[in-house]
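Report on the following structure.
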Amino acid sequence: MHATEADWRRLGAVAPDRLAPARLAAHWAVQLVAAAADAHLPCAADDSHTNLRWHDEHFALVGNTLGDHLRIGLRMSDLNLLLLGEDGGVDDACGLVGKTLAEGMTWLEGHLERAGLEPAPLRRRDYAMPDHPVAGGAPFPRVDLRALEELGCWFADASLVLEDRAGVDERSTPIAAWPHHFDVGGILFLAPAPGGSRPDAPQIGYGLSPGDHHIAEPYLYVTPWPLRDAALPPLASGRWHLEGFKGAVLPASEFVRSDYEDDHSGEQIARFRGFFDAAIAAAEAMLTAATA
Numbered sequence: 486m487h488a489t490e491a492d493w494r495r496l497g498a499v500a501p502d503r504l505a506p507a508r509l510a511a512h513w514a515v516q517l518v519a520a521a522a523d524a525h526l527p528c529a530a531d532d533s534h535t536n537l538r539w540h541d542e543h544f545a546l547v548g549n550t551l552g553d554h555l556r557i558g559l560r561m562s563d564l565n566l567l568l569l570g571e572d573g574g575v576d577d578a579c580g581l582v583g584k585t586l587a588e589g590m591t592w593l594e595g596h597l598e599r600a601g602l603e604p605a606p607l608r609r610r611d612y613a614m615p616d617h618p619v620a621g622g623a624p625f626p627r628v629d630l631r632a633l634e635e636l637g638c639w640f641a642d643a644s645l646v647l648e649d650r651a652g653v654d655e656r657s658t659p660i661a662a663w664p665h666h667f668d669v670g671g672i673l674f675l676a677p678a679p680g681g682s683r684p685d686a687p688q689i690g691y692g693l694s695p696g697d698h699h700i701a702e703p704y705l706y707v708t709p710w711p712l713r714d715a716a717l718p719p720l721a722s723g724r725w726h727l728e729g730f731k732g733a734v735l736p737a738s739e740f741v742r743s744d745y746e747d748d749h750s751g752e753q754i755a756r757f758r759g760f761f762d763a764a765i766a767a768a769e770a771m772l773t774a775a776t777a
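So the sequence shown is numbered by the numbering used here: it starts at 486 and just counts up by one.
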């Protein structure tokens, strides 16, 4: 897949600082997809059994296959859970707005069992999540649909550009979205690790976060590891972030232009690619120098 203007969803229709309520609701909603994977797939040490990928035809983040062909997705435009059948079409859907997390779990359990999977209770993982009333049993709130649409556009466009890059660099892991931090990205492993332990190898994480407690708006990131205490090179776009995590970031408010109508798709694609090209090159140069 190669990102073109025809595929691109223009960003900036909704201001980045208005996306947090939609992002928090979607982050909690995607835990239902992760719970289904936990219940019905062998657990991977890196939690990759719970990861998701962007499916543009459904405007959804979609989990791994359960059983022979069933997949669960979250449609970003309206917070609907989707059950995708053998042909990839939507067999059923459940709107989460007005429902509690427990009610969503019950709906999923019933539909998974009727689809032929072994009965299994769904449980939310106990990892840290951002505070939200849904955690205490409140129903999913009604959120701005335009903000949800904009948030989905960030996931869609990031997936296009990141998959392009991963497809031409054999050092990269596949691009995936992760329910814990709700980001989408991959890792470049630059060299074999001492003792063969891949997590200890020099590496560069790269991707998109829709926002978090570090930066409360979508941002592109490139995170070299290990990052030594050395002079950081200048970046063509974005900046170095050193609090909480260390890496190059390009926040959405610095990416989008103030005049949305004049911020054309081709220019956005070039800026998206340009950030990753320059930041990854800088990160690789630093790691190479540190291990020389």
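Positions of the beta carbon are idealized from the N, C-alpha and C atoms, including for glycine.
Bounding residues of the alpha helix (DSSP H) (the contiguous stretch that carries Ala529): Here the question's residue 529 lines up with position 44 in the sequence shown. Segment: none, Ala529 is in no alpha helix (DSSP H) and carries neither H nor E.
Rounded to the nearest angstrom, how far is the Cβ of Ala522 from that of Gly548, given a contact under 8 angstroms? Within the sequence shown, residue 522 is the residue found at index 37, counting from 1. Within the sequence shown, residue 548 is the residue found at index 63, counting from 1. Yes, Ala522 and Gly548 are in contact; Cβ-Cβ is about 5 angstroms, under 8 angstroms.
Alpha helix (DSSP H) segment containing Ala775, residue limits: Against the sequence shown, residue 775 aligns to sequence position 290. Unbroken alpha helix (DSSP H) run through Ala775: Ser750 to Thr776.
Look up Ser657 in the DSSP assignment and give the residues it is bridged to. Here residue 657 corresponds to residue number 172 of the sequence shown, with the count starting at 1. According to DSSP, which records beta bridges pairwise, Ser657 is partnered with Leu673.
With C-beta atoms as the reference, is Gln753 less than 8 angstroms away from Leu496? Counting from 1 along the sequence shown, the entry for residue 753 is found at position 268. Counting from 1 along the sequence shown, the entry for residue 496 is found at position 11. In contact: Gln753 and Leu496 (Cβ atoms closer than 8 angstroms).
Quick test of your reading: Ala737 and Tyr704, contact by CB under 8 angstroms. State the CB separation rounded to the nearest angstrom. The sequence position of residue 737 within the sequence shown is 252, counting from 1. The sequence position of residue 704 within the sequence shown is 219, counting from 1. Right, their Cβ atoms sit about 6 angstroms apart.
Throw me the rounded Cβ distance for the Ala766 and Arg713 pair, which I believe falls under 8 angstroms. Reading the sequence shown from its first residue, position 281 is the one you call residue 766. Reading the sequence shown from its first residue, position 228 is the one you call residue 713. Actually they are not in contact, since the Cβ atoms of Ala766 and Arg713 sit about 17 angstroms apart, beyond 8 angstroms.
Endpoints, the alpha helix (DSSP H) within which Leu630 is located: For the purposes of this step, residue 630 is identified with residue 145 of the sequence shown, where counting begins at 1. Counting along the chain, the alpha helix (DSSP H) containing Leu630 begins and ends at Leu630 to Gly652.
Looking at C-beta atoms only, is the number of pairs between the region 575-587 and the region 621-633 that lie closer than 8 angstroms three or more? yes
Beta-carbon proximity list for Thr550, same chain, < 7 angstroms, skipping 5 on both sides: Position 65 of the sequence shown holds residue 550. So the list reads Arg556, once near-sequence residues are dropped.
Leu597 and Leu517 - do their beta-carbons sit closer together than 8 angstroms? As a working note, residue 517 is residue 32 in the sequence shown. As a working note, residue 597 is residue 112 in the sequence shown. Cβ distance not < 8 angstroms, so Leu517 and Leu597 don't count as in contact.
How big is the Cα-Cα spacing for Asp532 and Pro604? Numbered from 1 along the sequence shown, position 47 holds the residue referred to as residue 532. Numbered from 1 along the sequence shown, position 119 holds the residue referred to as residue 604. The straight-line gap from Cα to Cα measures roughly 22 angstroms.
Does the distance from the C-beta atom of Phe667 to that of Pro695 stay below 8 angstroms? Here the question's residue 667 lines up with position 182 in the sequence shown. Here the question's residue 695 lines up with position 210 in the sequence shown. Yes, these two residues count as a Cβ contact at 8 angstroms.
Pick out whichever of Thr773, Asp629, Ala600 and Glu655 has its Cα sitting closest to the Cα of Ala500. Position 15 of the sequence shown, counting from 1, holds the residue named residue 500. When each option's Cα is compared against that of Ala500, the closest is Asp629.
Through-space distance from Leu717 to Arg538, alpha-carbon basis: For the purposes of this step, residue 538 is taken as the residue at position 53 of the sequence shown. For the purposes of this step, residue 717 is taken as the residue at position 232 of the sequence shown. Cα to Cα, Arg538 sits roughly 33 angstroms from Leu717.
In angstroms with no decimal places, state the Cα-to-Cα distance between Thr489 and Pro606. Sequence index remark: in the sequence shown, residue 489 carries index 4 (1-based). Sequence index remark: in the sequence shown, residue 606 carries index 121 (1-based). Their backbone Cα atoms lie some 43 angstroms apart in a straight line.
Residues bridged to Ala578 [DSSP beta-bridge criterion]: In the sequence shown, the residue the question calls residue 578 occupies position 93. DSSP lists Leu567 as partners of Ala578.
Counting only the same chain and skipping the five closest in sequence on each side, list residues whose C-beta sits under 7 angstroms from that of Gly759. Position 274 of the sequence shown, counted from the first residue, corresponds to residue 759. The answer, listed in chain order, is Ala721 and Ser722.
Presumed contact (8 angstroms Cβ cut-off) between Gly692 and Tyr706, rounded CB distance: Counted from its first residue, the sequence shown places residue 692 at position 207. Counted from its first residue, the sequence shown places residue 706 at position 221. Indeed, because the Cβ distance is near 6 angstroms, the residues count as touching under 8 angstroms.
Using C-beta distances below 6 angstroms, list every residue in its chain close to Arg742, excluding the 5 sequence neighbours before and after it, in chain order. Numbered from its first residue, the sequence shown carries residue 742 at position 257. Only Asp748 meet the Cβ criterion.
Tell me, to the nearest whole angstrom, how far the beta carbon of Ala641 is from that of Arg494; I am working on the premise that it is less than 8 angstroms. Position 156 of the sequence shown holds residue 641. Position 9 of the sequence shown holds residue 494. 5 angstroms between Cβ atoms; contact.
Here's the rule I'm using: 16 or more other beta-carbon atoms within 10 Å means buried, otherwise exposed. How should Leu727 be labelled? Along the sequence shown, one-based indexing puts residue 727 at 242. With fewer than 16 Cβ atoms within 10 Å of its Cβ, Leu727 is classed as exposed.
For Trp592, which three-state DSSP category applies? Against the sequence shown, residue 592 aligns to sequence position 107. Note: Trp592 maps to helix in three-state DSSP.
Quick one, which of Pro709, Thr658 and Gly580 has its alpha-carbon nearest Gly671's? In the sequence shown, counting from the first residue as 1, residue 671 sits at position 186. When only C-alpha atoms are compared, the closest one is Thr658.
Could you tell me how far apart the beta carbons of Glu634 and Ser750 are, in whole angstroms, since I believe they sit closer than 8 angstroms? By 1-based counting over the sequence shown, the position of residue 634 is 149. By 1-based counting over the sequence shown, the position of residue 750 is 265. 16 angstroms between Cβ atoms; not a contact.
Look up Val707 in the DSSP assignment and give the residues it is bridged to. Position 222 of the sequence shown, counted from the first residue, corresponds to residue 707. Looking at the DSSP assignment, Val707 forms a beta bridge with Tyr691 and Ala733.
Beta-carbon proximity of Met771 to Ala715, cut-off 8 angstroms: One-based indexing of the sequence shown puts residue 771 at position 286. One-based indexing of the sequence shown puts residue 715 at position 230. The answer is yes: Cβ separation under 8 angstroms.
Candidates Gly558, Trp592, Cys579 and Leu581: which alpha carbon is nearest Asn536's? As a working mapping, residue 536 is identified with position 51 in the sequence shown. The residue with the shortest Cα to Cα distance from Asn536 is Gly558.
Ala545: first and last residue of the uninterrupted beta strand (DSSP E) it sits in: Sequence index remark: in the sequence shown, residue 545 carries index 60 (1-based). Ala545 to Gly548 is the extent of the beta strand (DSSP E) around Ala545.
Three-state class that DSSP yields for Arg608 in the structure shown: On the sequence shown, position 123 is the one that residue 608 refers to. Coil.
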